[in-house]
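So the structure is just underneath, and the comments pick up after that.
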Amino acid sequence: GPSVSRRDQENSMMRHARLMLVLFKPWVTVADLKTEHQTWKEALDEFIQNECPQRFQRIIDNMQLLHECRDSRDD
């Protein structure tokens, strides 16, 4: 399937935030993931700061680390 988007690239930042919320934050409707006035990035930042278990934070960080390792390998 498609790869997980990166959080460090402007063109995929919102997609990354949306995917991390869908994967790690309990939800039933979109309103559970973000407010109408929040961007996906703002909602993810708030979730990580206030609700996200440390275990999930490490998983999210490791997903990004895989991208960075691949970049280093390809340089």
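For the sequence shown, counting from 1, position 11 maps to -8 in my numbering; every step adds exactly one. Glycine residues also receive a C-beta, built at the ideal position from the N, C-alpha and C atoms.
### Query
For E32, which of helix, strand or coil comes out of DSSP?
coil
### Query
Helix, strand or coil for E17 per DSSP?
coil
#### Entry: Contact the segment -12 to 2 vs the segment 13 to 21: 3+ CB pairs below 8 Å
yes
### Message
Let me confirm a value: L4 is counted as buried when at least 16 other C-beta atoms fall within 10 Å, else exposed. Which label applies?
### Response
exposed
### Query
Quick one: what does DSSP say K22 is sitting in, helix, strand or coil?
helix
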